[in-house]
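Engineer: Encoded as structure tokens, here's the structure I'll be asking about.
Number of protein chains: 2
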Amino acid sequence: MLKEFKRTVYCGHISEEHLGKKVVLNGWVHRVRNHGGVVFIDLRDREGIVQVVVEEQKNPEAYEIADRLRSEYVIGVVGTVRRRPPGTENPNLKTGYYEVEAEKIAVFNTSDVLPFPVDEETPVSEEVKLRYRYLDLRRESMKENLLFRHKVYQRVRRFFDEKGFIEIETPFLTKSTPEGARDFIVPSRLHPGKFYALPQSPQLFKQILMVAGFDRYFQIVKCLRDEDLRADRQPEFTQIDFEMSFVEEEDVMQVVEELVCDLFENLLGIKLKRPFDRLSYEEAMEKYGSDKPDRRFDLNLVELSDIFKNTEFKVFRSVLEDGGVIKAINFKSSDLTRSQIDELVNYVQTLGAKGLAWIKVEADRLNSPIVKFFSQQEIEGLRQRLNLEPKDVVFFSAGKREEVYRILGNLRLHIAKKYNLINNSGFDVFWVVDFPLLEWDEEEKRFVSVHHPFTAPKEGHEELIDKALKEENLDEKKRIISQIRSRAYDLVINGYEIGGGSIRIHSLELQDKIFKLLGISELEAQEKFGFLLNALRYGAPPHGGFAFGLDRLVALMRGLDSIRDVIAFPKTQKGICLLTGAPDYVSPKQLKEVHIKVLE
Amino acid sequence: MLKEFKRTVYCGHISEEHLGKKVVLNGWVHRVRNHGGVVFIDLRDREGIVQVVVEEQKNPEAYEIADRLRSEYVIGVVGTVRRRPPGTENPNLKTGYYEVEAEKIAVFNTSDVLPFPVDEETPVSEEVKLRYRYLDLRRESMKENLLFRHKVYQRVRRFFDEKGFIEIETPFLTKSTPEGARDFIVPSRLHPGKFYALPQSPQLFKQILMVAGFDRYFQIVKCLRDEDLRADRQPEFTQIDFEMSFVEEEDVMQVVEELVCDLFENLLGIKLKRPFDRLSYEEAMEKYGSDKPDRRFDLNLVELSDIFKNTEFKVFRSVLEDGGVIKAINFKSSDLTRSQIDELVNYVQTLGAKGLAWIKVEADRLNSPIVKFFSQQEIEGLRQRLNLEPKDVVFFSAGKREEVYRILGNLRLHIAKKYNLINNSGFDVFWVVDFPLLEWDEEEKRFVSVHHPFTAPKEGHEELIDKALKEENLDEKKRIISQIRSRAYDLVINGYEIGGGSIRIHSLELQDKIFKLLGISELEAQEKFGFLLNALRYGAPPHGGFAFGLDRLVALMRGLDSIRDVIAFPKTQKGICLLTGAPDYVSPKQLKEVHIKVLE
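Line by line, the protein sequences are chains A and B. For the first sequence, the numbering used here assigns the number 70 to the initial residue and increments by one for each residue that follows. For the second sequence, the numbering used here assigns the number 70 to the initial residue and increments by one for each residue that follows.
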């Protein structure tokens, strides 16, 4: 039956060239209405919508079928393309100047009434959308998102292929990878009590591939992390992953810049300027209180410690005496009301800050609960340093440096979103470099890698590592280690860390030292990544690489806030797939087969 | 330090154009030897090997370093390309007419003595190879295999992209897919007692994508099945997966043929003739005793039941009375010895056959334990039907039809391999079609899908389905169901099922009927694939698709027997990754977090 109704052209492609020609369309009834003896069908397929007209007089048989059509019925239409009568054109529609006069219609399938219409207007809850994802995906915007994502895949792979990178698949049933997050584990049936881990990234495998001599590897690959799902995190996400041998930072960063420019130019028509801006980690923290700052608005952090070095104000003084810092941001000419200020005070309290000192500059005075404690000199210092003008509102944070960064960095973002300070036109693309290699983890009471344990330290910093290893005194050790910088580089776009990478350690000796600094015993290291350590014994080349978060990159390029809109079948914040109902209970037989039982 | 040693050309690319030019090489010391004051280094990288010469006289510094080099050291070389002295050329090497005179050498990394040399000659056990996969992958042949696989990926995706297919990722943490095999399950941390299943295939999701209106989908995707690993099966394997809407068998099969021809022509330079041969399931079983026959040799099954319809030979008679069949294969002019025959008898016993009747044709007589039971007429019949000639050896199988297929089908393959009957030149590519929709499962005592429950029955066979549903008598029901054919099609190359597909069911009513025939209750159906059933209510288009086994396809194209040779990090038959040691034990904390304990 399909034969004579085999599509000859997509609805969305009907154009001048088809005028007067017979066509066969396949698609969904988007809308249908009967104007006394004439049925008008908006027929929809992947490529768009075209109007189909069925006249009772001319085609009684087709008319009879058309008259019984309902929304989302699946039909085939044989008809002839003609120009719409003057005055009935629809300039908003790509095919709006044409219509197809139907001679034959076949109904391939019917449809129940949809839980929500296929349009962009009707507000539908996220939950319902995800439960009926196949209907949500019929919407123009969702289709465009996934079509765009398809184009990204193809360009990315062509880019790497042309540059001599080899696509190699890495395993899914593997061993814990040390990305810091929790592993998803998979019980083994053949090996009672043992488990596979799903890969958090192909990190170790791509390094192994460099040791194997593949020189340039890439892969677009799913990664899985059992993390506490913050807003807009997915337990499974897609990574553009690559690695190169015999390279330094500049070589890898150049490949990244070329790829990003290729994508933006060819998929968005936007020429990004190269080389990308570079920000040191320190500069980023000092100015924005974040290592992935959103630079599309001001409200920068300003250092004030020097101004208060002799202050009488107890709070500030004790902070400085404890080696802390005092910083502030000036919300210029915002003229915030007291209640607006209070809202911001409450916000920082949710971040765990005791309070938030503030000054509102008024024509005649500084309105503030704390200025009374400041000396004239200090106030003068503030006026100049912060360039105070009427209607400015200044917020202070005093405490440990990292704390001040965290509080003001978050406050800065909070204000920018709340008061629409962000310039959404265009993209701010830049590098953050010179990260610390290690940082002290207060909870674990040990040093941890800022990136991962295979990240190489800056050349020349090996001495610091040796010194730190010898140092007994913890504070002194911290001081030394804080000076060690890594060969890592993160790419930031509009305040999102879109990817990161580093030059890796290829010397077994150096790798051992790093594990020592991390307090990882040789036994533990052997157990966890012995295979990499062994590989380093047999001629490992210098190498480095990078990994992009593809979901976020695509969302950013499409101007979308949520990565769910660029993932065909996303999960909720609780990790549930509302379409399939996963995760779900399994049979006792299944559990027994893999030698586990569920804890009561 | 790398700077001045940054590669300018791959070792394997040194050619006429570089003569007299300064080059920088990075690579591994493949071989090194010192001939009195001159060190010769075979330097290897991804692209090949070139000879590097270091002369003590000319470059004492470089010489001193070169003299201390050992196999698999990683080095950089600055030198000048020159022609090898006459008589010292190596025509077996792409670069064999040139050598690089080294001026500077840098050692990037050293290497312990390898557990086995990087060459094709040295025999190394599979186990050692897999444990040191990074060394095994340095071998020319393995590199070529993965490079070839890389090319397959790129061509496949370009092919689908150009045909308007959209690449869409389907989830890994999902719900059980009904492919018949066991699921790998993943305990959920956020949902105690619940589990995700890893996908056995994207089957349901790609059908959902058709309901969503994407019209043409494709993906190269990992699939995971916890099967009892037969030789050369992997728990995770890669599939080339696609689906199309508004199509019939011919449309899908055409896409498959075009893709296969594209790959063979562009990657192997082989033009396959189209359309591919087609074999009905029945024909395949009758002639070869297999639904994925190897047709590269004869030894076909010959039907003999009619010849023995009135036989006095009890064994045969009782078989025929029980509705069984008698078939034989004739190993022409093999002149097998008695002990060779006995080996084959033993083989079929391993298949569970009681015995194997045979006849050896000798110049003057038929040497056989059973001919004495045959009538002259029956012997005459055999002579003609099997075209008996001296030195022929005939093997009989009598029993249930399926049993005879299984026994002789396997014996046929066994003989072919043992006696090298297989013509290994070229590829035998063909379709098997007209499969039964369902078959009776003796163990489960119910009907099961030959492919999967979403496979559509042949048009016109709906009546048979209704009849079968009404039929009370099981034997009669079996008879009716055995007549129902499906709209499935398998692609076979050189005796391997390289892929399969079908037109799917898009009618909810029909899908319900199939579940009934399969003895799947509505409740169970709702639980397992309710989301697909619901999707069928809302305008599901006619659709169908196909999936290739990429690993096997690549292995076949490379002329390899084992798919392990085309997988970068394969697992053993017991599902172990010898490189990483996965699966492995996990911490009690990890188990507790996902609310499970291991059974003692």
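Using N, Cα and C, we set each Cβ at its ideal position, and we do this for glycine too.
So, with DSSP's three-state summary, where would you put B/A525?
Structural biologist: Looking at B/A525 - three-state DSSP - the assignment turns out to be coil, as it is neither helix nor strand.
Engineer: Of all the options B/R258, B/D252, B/R285, which has the alpha carbon lying nearest to the alpha carbon of B/Q269?
Structural biologist: Looking at the Cα atoms, B/D252 is the closest of the given residues.
Engineer: Under the rule that 16 or more other beta-carbon atoms within 10 Å means buried, what is B/I491, buried or exposed?
Structural biologist: It is exposed - the Cβ of B/I491 has fewer than 16 other Cβ atoms within 10 Å.
Engineer: Just to confirm my understanding: we take B/F274, look at its own chain, exclude 5 residues before and 5 after, and list those with CB closer than 6 Å. What are they?
Structural biologist: Closer than 6 Å at Cβ, skipping near neighbours: T239.
Engineer: Tell whether a beta-carbon distance below 8 Å holds between A/F496 and A/L507.
Structural biologist: Not in contact: A/F496 and A/L507 (Cβ atoms no closer than 8 Å).
Engineer: So is A/S257 buried or exposed if we call it buried at 16+ other beta carbons inside 10 Å?
Structural biologist: Burial call: buried.
Engineer: Can you name the residues of chain A whose CB is closer than 8 Å to the CB of B/G644?
Structural biologist: Chain A residues near B/G644: L242, S257, L259, H260.
Engineer: Could you say which of B/K460, B/P186, B/P610, B/Y357 lies nearest to B/E317 if we only look at CA atoms?
Structural biologist: Of B/K460, B/P186, B/P610, B/Y357, the residue nearest in Cα terms is B/P610.
Engineer: Distance cutoff 8 Å, beta carbons only. Does A/N214 sit that close to anything in chain B?
Structural biologist: Chain B, which has no Cβ nearer than 8 Å to the Cβ of A/N214, makes this no.
Engineer: What does A/N95 touch in chain B if you count any residue whose Cβ is under 8 Å from its own?
Structural biologist: Here the neighbours are S314, F315, P610.
Engineer: Tell me which residues share the same chain as B/R200 and place their Cβ nearer than 6 Å to its Cβ, disregarding the 5 neighbours each side in the sequence.
Structural biologist: Contacts found: L647.
Engineer: Distance, Cα to Cα, B/R364 vs B/N563?
Structural biologist: Going from the Cα of B/R364 to the Cα of B/N563 covers about 7 Å.
Engineer: What span of residues does the beta strand (DSSP E) with B/P256 cover, start to end?
Structural biologist: It spans 254-256 - the beta strand (DSSP E) in which B/P256 sits, taken as one unbroken run.
Engineer: On the DSSP letters alone, give me the boundaries of the beta strand (DSSP E) that B/S314 sits inside.
Structural biologist: That run of the beta strand (DSSP E) goes 305-314.
Engineer: So which of B/R115, B/L94, B/I553 has the shortest CA-CA distance to B/K72?
Structural biologist: Here the closest residue by C-alpha is B/L94.
Engineer: May I ask you to list the residues that DSSP assigns as paired with A/L94?
Structural biologist: Bridge partners of A/L94: A/V146.
Engineer: Residues of chain B with a CB under 9 Å from the CB of A/G81: which are they?
Structural biologist: The contacting residues do not exist; A/G81 stays about 11 Å from chain B at best.
Engineer: Identify each residue in the region 97-130 of chain B for which the Cβ-Cβ distance to at least one residue of chain A is less than 7 Å, and report them in chain order.
Structural biologist: Those would be W97, D114, R115, in chain order.
Engineer: Report the neighbours of B/I534 on chain A: residues whose CB is nearer than 7 Å to its CB, in chain order.
Structural biologist: Here the premise fails: no neighbours, minimum Cβ distance about 18 Å.
Engineer: Candidates A/I636, A/Y654, A/G650, A/V663: which alpha carbon is nearest A/S210's?
Structural biologist: With distances taken between Cα atoms, A/S210 lies closest to A/I636.
Engineer: For a contact meaning CB atoms closer than 8 Å, what does A/F283 contact in chain B?
Structural biologist: Going along chain B in sequence order, the residues near A/F283 (Cβ under 8 Å) are R115, L206, K212, L215.
Engineer: For A/I665, count neighbouring Cβ atoms within 10 angstroms of its own Cβ and tell me buried if that reaches 16, exposed if not.
Structural biologist: A/I665 should be labelled buried.
Engineer: So, is B/K658 buried or exposed, given that buried needs 16 or more other C-beta atoms within 10 angstroms?
Structural biologist: When all chains shown are included, B/K658 counts as exposed.
Engineer: For B/D535, which residues in the same chain have their Cβ closer than 8 Å to its Cβ, ignoring the five residues on either side in sequence?
Structural biologist: Contacts found: K582.
Engineer: Beta carbons nearer than 7 Å to chain A: which residues of the region 219-239 of chain B have them?
Structural biologist: Result list: H219, Y222, Q223, R226, D230, I235, E236, I237, E238, T239.
Engineer: Does any residue of chain B bring its CB to less than 8 Å from the CB of A/A557?
Structural biologist: So no, A/A557 is outside the interface.
Engineer: So is B/K263 in contact with chain D if we call contact Cβ pairs under 8 Å?
Structural biologist: Absent here is chain D; the protein component of the structure consists of chains A and B.
Engineer: Report the option in A/F499, A/L587, A/R548, A/E578 whose CA atom is closest to the CA atom of A/S518.
Structural biologist: Comparing Cα-Cα distances from A/S518 to each of A/F499, A/L587, A/R548, A/E578, the minimum goes to A/L587.
Engineer: Which stretch, first to last residue, makes up the beta strand (DSSP E) that contains A/C292?
Structural biologist: Counting along the chain, the beta strand (DSSP E) containing A/C292 begins and ends at 285-293.
Engineer: Nearest-angstrom Cα distance between A/I144 and B/D559?
Structural biologist: Approximately 29 Å, taken between the alpha carbons.
Engineer: Grab the span of the beta strand (DSSP E) containing A/I395 for me, first residue to last.
Structural biologist: A/I395 -> beta strand (DSSP E) spans 394-400.
Engineer: Residues in its own chain within less than 8 Å of B/V193 by CB, not counting five upstream and five downstream?
Structural biologist: Excluding sequence neighbours, B/V193 sits near F185, D205.
Engineer: Report back the beta-carbon spacing between A/L420 and A/N479 to the nearest angstrom; my notes put them in contact at under 8 Å.
Structural biologist: The Cβ separation is near 6 Å, so the contact holds.
Engineer: The ligand ATP and B/A281: does any heavy atom of the ligand fall closer than 7 Å to the residue's C-beta?
Structural biologist: No copy of the ligand ATP occurs in the structure displayed, which carries no ligand at all.
Engineer: Can you give me the start and stop residues for the alpha helix (DSSP H) that A/E318 sits inside?
Structural biologist: Per DSSP, A/E318 belongs to the alpha helix (DSSP H) from 318-332.
Engineer: Rank B/G613, B/F315, B/I376 by C-alpha distance to the C-alpha of A/K75 and give the top, closest one.
Structural biologist: For A/K75, the nearest C-alpha among the options comes from B/F315.
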